[in-house]
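K.L.:
Using UniProt numbering, read the sequence shown as starting at 1 and increasing by one per residue.
Glycine included, each C-beta is placed from N, C-alpha and C at the ideal position.
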Amino acid sequence: MTDSHPHRKLQPGRLIAATHNQGKVRELKDLLEPLGFEPISAGDLNLEEPEETGLTFEENAELKALAAAKASGSPALADDSGLAVDALNGAPGIYSARWAGESKDFNLAMEKVNQALEDEKAAERTARFVCALSVAWPDGETVTFRGEVEGELVWPPRGSNGFGYDAMFVAKGETITFGEMEPARKHAMSHRANAFKLLTEALL
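(1) Using 10 angstroms around the beta-carbon of residue 4, count the other beta-carbons present and answer buried if the total reaches 16, otherwise exposed.
(2) What three-state label does DSSP hand residue 39 in the structure shown?
(3) Using the Cβ count rule (16 or more neighbours within 10 Å means buried), how would you classify residue 197?
(4) Please report the distance separating the alpha-carbon of residue 204 from that of residue 135.
(5) For the putative contact between residue 82 and residue 130, defined by C-beta atoms under 8 Å, what is the C-beta separation to the nearest angstrom?
(6) Below 8 Å on the Cβ atoms is my guess for residue 150 versus residue 172; work out the distance and round it to an integer in Å.
(7) Does the Cβ of residue 160 have 16 or more other Cβ atoms within 10 Å, making it buried, or fewer, making it exposed?
(8) Here's a check: name, in chain order, each residue in its chain whose Cβ is nearer than 7 Å to the Cβ of residue 124, leaving out the five neighbours to either side.
(9) Start and end of the beta strand (DSSP E) containing residue 79?
(10) Thinking just about the alpha-carbon of each residue, which of 12, 46, 20 and 42 is nearest to the one in residue 34?
(11) Determine which residues share a DSSP beta bridge with residue 127 and list them.
(12) Over what stretch of residues does the beta strand (DSSP E) that includes residue 171 continue unbroken?
Here's what the structure looks like:
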């Protein structure tokens, strides 16, 4: 659970990145390696992906972190993140990856979001990226942090940096999409970076 109690500290060294998504693995490596961690992805260890049965980003992040920590015997960090669109009542939300289908086609997912906005005749295209980062230890302790970044959606998508819905998202105060942005600049302001900042303050 997310709380403000003092937590056990995370020691530098091996840390399982509980994801099979290569885009997330890259971003987590960029965040973790400067701090002395050696992130190893769940995919590299052939760990099974648990079914995401949670109803919130936090629940799904905890579920994934716990499964990876218990299977590997090492602390694990999991990310559950997605796009929440105001005019769509927060959809796709925790189902953001599922909107991309079995083939994980995010061009298709972005088209679905844009089509849904057009169907709603939405005047506002405000949205936010949400990220819950959960750290779990093999003994079952977990702690979770949430970060968000506000912005709006553009169409057509722009830029081939980033992944997921990045190419249609312009953060508040910016003129270019996350897909057009240099990775380092995106990392400095993203939902994942905001959650990671809270995590490092509490655990490192």
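P.N.:
On the basis of the data shown:
(1) As a working mapping, residue 4 is identified with position 4 in the sequence shown. Residue placement at residue 4 is poorly supported in this model, since its pLDDT is 45, which falls under 50; the coordinates still yield a value, given next. With fewer than 16 other Cβ atoms within 10 Å, it is exposed.
(2) For the purposes of this step, residue 39 is taken as the residue at position 39 of the sequence shown. If DSSP states are grouped into helix, strand and coil, residue 39 belongs with the strands.
(3) Looking up residue 197 in the sequence shown gives position 197. Exposed, because fewer than 16 other Cβ atoms sit within 10 Å of the Cβ of residue 197.
(4) Residue mapping note: residue 204 aligns to position 204 of the sequence shown, counting from 1. Residue mapping note: residue 135 aligns to position 135 of the sequence shown, counting from 1. Distance between the alpha carbons of residue 204 and residue 135: 12 Å.
(5) Taking the sequence shown and counting its residues from 1, one reaches residue 82 at position 82. Taking the sequence shown and counting its residues from 1, one reaches residue 130 at position 130. Yes, residue 82 and residue 130 are in contact; Cβ-Cβ is about 6 Å, under 8 Å.
(6) Numbered from 1 along the sequence shown, position 150 holds the residue referred to as residue 150. Numbered from 1 along the sequence shown, position 172 holds the residue referred to as residue 172. Indeed they touch by this definition, with Cβ atoms about 5 Å apart.
(7) Along the sequence shown, one-based indexing puts residue 160 at 160. It is exposed - the Cβ of residue 160 has fewer than 16 other Cβ atoms within 10 Å.
(8) On the sequence shown, residue 124 is found 124 positions in, with the first residue counted as 1. 86 and 87.
(9) Locating residue 79 in the sequence shown gives position 79, counting from the first residue. Here the beta strand (DSSP E) through residue 79 covers 76-85.
(10) Residue numbering aside, residue 34 sits at position 34 when the sequence shown is read from its first letter. For residue 34, the nearest C-alpha among the options comes from 12.
(11) Translated into the one-based positions of the sequence shown, residue 127 becomes position 127. Answer is 85 and 151.
(12) What you label residue 171 is simply residue 171 of the sequence shown in a count that begins at 1. Taken as a continuous stretch (DSSP letters only), the beta strand (DSSP E) holding residue 171 covers 169-171.
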